[in-house]
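So the sequence lines, in the order shown, correspond to chains A, B and C.
Numbering follows this note's numbering, with no gaps: position 46 of the first sequence is 46.
Numbering follows this note's numbering, with no gaps: position 60 of the second sequence is 1060.
Numbering follows this note's numbering, with no gaps: position 8 of the third sequence is 2008.
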Amino acid sequence: MTDLLARPASQSNPDADLGDSLTASPGMATASEERDTLITLNMGPQHPSTHGVFRLIMQLQGETVVASTPVMGYLHRSSEKLGEVRTYVQGTVLTDRMDYLSPITTNWAYAMAIERLAGLEVPERAEFLRVLTGELSRISSHLVAIGTFGQDVGMYGTPLLWALREREMILDMLALVAGVRMNPSYVRYGGVARDAPPEFFRKLQEFLDIFSSKIDEYESVLTTNEIFRNRTVGIGLLPPEIAKAYSVTGPILRASGVPYDVRLAEPYSIYNRFDWEVPVRYNGDCFDRYLVRIAEMRQSARILQQALDGIPEGDIRAKLPKVLKPPKGEAYARIEGPKGEIGFYLVSDGTVNPYRYNVRPPSFVNLTCLGQVAIGHKLADAVVILGSFDIVMGEVDR
Amino acid sequence: MALGLGVARGMLSTLSHLAKKPITIQYPEEQMEMPIWTRGRPRLLFEVDTGELRCTACGACALACPVDVIKIEQHPNPAGKGKVLDRFDIDMAGCIECALCVEACPFRAITMAPDFEMAAYERSTELVFDMYQLRLAGTPEVDAGMEHIQGVKRGLKSQGGAAAPTPAAAKPAGAPAPAAARTAGPVAGQATGATAAATSTSATGNQVADPKAAPAAAVASANVPAPAHVSDANPAGPPPAAAAAAPPTDFDPLTISDEDLAKLPAADRGRVYKARLKAKGVQPPTRP
Amino acid sequence: MEWLGTFWQSRDFEVGLGQPIYAALTGAGVPGWLVSILYPVVGAATILGIITVSVMMALWLERKGLARMQDRYGPNRVGPFGLGQSPADVVKLLSKEVITPRGVDRLLHYLGPILVLSPSLLMWAVVPWGPGLQVADLNVAVLYLVAFGSIPVLGITLAGWGSNNKYSLLGGMRAVVQYVSYEVPAALTLVIPVLLAGTLSLQGIVSAQSGPFWNWFIFKPIIVFPVLGIAAFVLYLIGGLAEANRTPFDHVEADSELVAGFQTEYAGMQWALFMLAEYGNSIAISLLGSTLFLGGYHTGLGDWFDDLIWPLLPGVLATKAAVIFAIFVWIRGSLPRFRYDQLMGFAWKRMLPAALFLISVTAVLAPWIRSVPVAR
């Protein structure tokens, strides 16, 4: 990539030797006669549909993608290194900023890793509050996912703004319980940061009462729309073998027919107390990923209703020392985030800071198979596939 | 299949929205309902009756801050034990409003207020707020919000003594508290009361003796919520001792004796303190 | 100069409003050739002003309508109901710098907006706003529409090619594909009103729809072949959406795929010309749709009523066009975008057979439909 800088300023066509640097990526055609029939299109890092500063280099035959390479790292903030020089509680605020569309779940994975490291018990009410806020976060993340997916398919903002309307209600609830709408830092080791006011439960019940009809509303403009189906059915096929080979998790994996959900496969917290199902679809195309997200929102609403009815009184935080110094050791915790399996690997050397602070970000892992899935589709479909993957660059690049 | 009923269904769905009221909050005119414990700019609490900051310059907040934007300078108190706070700056350009400072404070001296309108032309000067700009009256409502932000106490001596107004006092007084302008009344009042009921554990005895029953939630006022606000909302504000001997009505803030000063209502005392600071060359901020 | 006056007089001053104006001015001593020159100039300037104002109104309607479908307010800060937003935007665009990127082909880059804007302005010339109230009453107006409706694709393609940007190039290529596909069915649907009216002149087509509203071509064939008029109108709307590059056929700009397509490298007033052309085109299509299918400037309440309110007849046409444009806005708020190969399939496999079928039916039934006795 450095020869971009070496280009003489007097050169009239800035694209003249751009091809050489770009096609150095694996899978790209490099022979010049082959390349002459292809267009190398550099999508991103500033592009309306890349959901952040993500870059996708594609070689197009006409408008058909023949090779594509995802390029990541434009939003790298060295969160993992920062986590090693901060105390355990200060590390929470870094997790907020990874998946900023669903910060609670990342908080939760981090808190679970610390609890395993330090052997902390979580009070029951805190577990309920974690489930309540975590499922709300999952819903809000899926709302953004399907809204922006509609945008990628070419709707002029209608499903997105409808989805944001409900997301506002969720953010207002998070503001009640955590004090802010985004970056709540709510789930802490040993419990949650603060108790929920009665107002929160009242608003949550109001939300659950209307939410089902709102999902129907999104579906009325998307699911049954023939143009939407034409654009998504059969697009971006991801067979289960390839999905497993790439360690894809979350709704994308479940849309490929693999009923894998960490909440079910390795039950954590109190999910085994609730009556809910893991939605699975079997075609593995963009439409199925969308449908899995819609179904997951309905299931989350089910869990929320049960948790709301069953929440007990009690402590919200375990007995903690003033400064947490976990014993030497290592711990890995994983939970099911809205985008897939979020894993945290922490190594303690007995001090106030973790020795190693490592994240398994689902968006990043899911994104690695994008280059393969997009091949053979049109440019317009590549955008749709990227939208169906539901990435958050804050989490991809950390 | 093409262009069938699904398209028609979607179009009817969008058409039905033409009859619905928009949900946008028209921001400068309308304000969002924000609970009083909304995590906004960190604020330093002062006692309503004495006008003194609760901060003891212990530095716990600066240690807890993950982004290191709290700068504290202090010197040992020559008159007795403890420290004197010389400087308390928060660089709001870097503050991430995580409330870890509030959770760390053992003296209930710092909280977060729902003020977020801090647009400025100059990052290095206008966004650094000092201890005068960050002052906020520690009324019962504000205290209740602070307790909610603090969450669970972690074995620190966080329960305030007689000086700290009890959150329970906010319940009867919460209803006529229109001064909480930005924190839309119903949510703040109701939720504060609930939190107060839930979190007030110790100092219920102070409730009766505490004279500050009608708080002025000066959250919404400008940078320096002058104690004058308190006196406006609190005609019975002077402590019982001051009610016996009539306080002087006209006085020179620089020459007033300490006995007279003790008789003054809190608002006037605050004015005296500010005038003295000004005379000493410490310039209280006058930014609007 | 007398020959010029004779020329224009023979063309335009024979019917409608032109005649009394010409008579009054020449009677007042103004030389006939001067009137002959000034009349079309004033007419063209008026039309240009109307286009600009109506584009602003259309933008306002679109933004407001979309906003309300999405539970927003839309523009509401500048002026009452945000009506001042579009003029403010125009002033902003006029004052912006026109940026020409370094690598572009300057000639094509400058030529693009002009080639796109001029035909869509010219389309307005044949719109009949009232009896005789028309810049040019061509007797081949429908052919003229088809001819000028296909020129903007040239400008779009040149703009995309000359921008030296891959997104622009892809947008330009899509423009060719889309126009070639949609010209055919869209032009074929124009044949149906021509067959029903028996003339290519738009004034003639409007006159054939005078009287009560069931004389409109969307309703007139109902007795003979119920869906004919409505199906033809729907086909015209779909073709019009594609001609005007509007959702669900907005591949040429396709903001989620091609950033802004052919206009990615344009800024300031050059970009505003594209915008003006696009919306001028949409409104022209709405106006012509009302003219061809919805009775034009006729109120649909009978000729006596049209004669009674004759000064308001342009408003009647504008109202009908606004309804059609509102349908465009509604579609934009509701539908996603086709993929462009699906678009071609839709045009060639569905719209073309449907249009051909409707034409054959109309050709067979037209004498019958025309002979249906109607009230005036």
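Every residue gets a Cβ at the ideal spot worked out from N, C-alpha and C, and that includes glycine.
All of these numbers come straight from a predicted model, not from anything done at the bench.
Selected residue, minimal CA-CA separation from residue i, among the options
i, options, result
"V187 (chain A)", "A:M297, A:V373, A:A318", "A:A318"
"T2299 (chain C)", "C:P2040, C:V2206, C:L2121", "C:V2206"
"A1279 (chain B)", "B:P1022, B:T1255, B:A1064", "B:T1255"
"R1087 (chain B)", "B:L1100, B:Y1132, B:R1054", "B:Y1132"
"T1024 (chain B)", "A:E168, A:T232, A:P103", "A:E168"
"P312 (chain A)", "A:A255, A:G91, A:T69, A:V131", "A:V131"
"A67 (chain A)", "A:S78, A:Q372, A:L204", "A:Q372"
"M2210 (chain C)", "C:R2339, C:I2359, C:L2038, C:D2307", "The question names Met, but residue 2210 (chain C) is Ser in the sequence shown. Looking at the Cα atoms, C:D2307 is the closest of the given residues."
"A2322 (chain C)", "C:G2345, C:Q2178, C:I2285, C:R2102", "C:I2285"
"N272 (chain A)", "A:M297, A:I303, A:G329, A:T106", "A:I303"
"L94 (chain A)", "A:L367, A:N358, A:V383", "A:N358"
DSSP three-state assignment for residue i, whether helix, strand or coil
i, result
"A1218 (chain B)", "Interpretation of A1218 (chain B) is limited by its pLDDT of 36, a score under 50 that renders its predicted location unreliable; no figure is taken from the coordinates."
"F344 (chain A)", "strand"
"M173 (chain A)", "helix"
"Q59 (chain A)", "strand"
"P354 (chain A)", "strand"
"L41 (chain A)", "strand"
"G147 (chain A)", "helix"
"Q1074 (chain B)", "strand"
"M1034 (chain B)", "coil"
"G191 (chain A)", "strand"
"E121 (chain A)", "coil"
"E336 (chain A)", "strand"
Outcome for residue i when other beta-carbon atoms lying within 10 angstroms are tallied against a minimum of 16
i, result
"M1118 (chain B)", "exposed"
"S2168 (chain C)", "buried"
"Y260 (chain A)", "buried"
"D309 (chain A)", "exposed"
"N2139 (chain C)", "exposed"
"T1014 (chain B)", "buried"
"K2220 (chain C)", "buried"
"R2106 (chain C)", "exposed"
"T2264 (chain C)", "buried"
"H76 (chain A)", "exposed"
"R2102 (chain C)", "exposed"
CB contact below 7 Å: residue i versus chain C
i, result
"I1023 (chain B)", "yes"
"N358 (chain A)", "no"
"L143 (chain A)", "no"
"L41 (chain A)", "yes"
"S49 (chain A)", "yes"
"M1001 (chain B)", "Reliability fails at M1001 (chain B), whose pLDDT of 44 lies under 50, so the model's placement of it is uncertain and no value is given."
Minimum Cβ-Cβ distance from residue i to chain A less than 7 Å
i, result
"Q2263 (chain C)", "no"
"K2166 (chain C)", "yes"
"P2185 (chain C)", "no"
"P1066 (chain B)", "yes"
"C1101 (chain B)", "no"
"S2256 (chain C)", "yes"
"R2350 (chain C)", "no"
Test: residue i CB closer than 7 Å to a CB of chain B
i, result
"Y2073 (chain C)", "yes"
"E226 (chain A)", "yes"
"R202 (chain A)", "no"
"L60 (chain A)", "no"
"E395 (chain A)", "no"
"A318 (chain A)", "no"
"S2334 (chain C)", "yes"
"R2077 (chain C)", "no"
"Q205 (chain A)", "no"
Check: residue i C-beta below 6 Å from any heavy atom of the ligand ZN
i, result
"L2066 (chain C)", "With respect to the ligand ZN, the structure offers nothing, as it holds no ligand at all."
Check your understanding: Name the residues in the region 1008-1019 of chain B whose C-beta lies less than 8 Å from a C-beta of chain C; which are they?
Key -> Among the residues of the region 1008-1019 of chain B, those with a Cβ less than 8 Å away from any Cβ of chain C are G1010, M1011, S1013, T1014, L1015, H1017, L1018, in the order of the chain.
Point to revise | chain A contacts made by the region 1035-1063 of chain B, where a contact means CB separation under 8 Å | key: Per Cβ criterion, the list reads P1035, W1037, T1038, R1039.
Exercise for review: Closer than 8 Å, Cβ to Cβ, to anything on chain C: give me those residues from the region 133-159 of chain A, in chain order.
Suggested key: The region 133-159 of chain A vs chain C, Cβ under 8 Å: G150, Q151, D152, V153, G154, M155, Y156, G157, T158.
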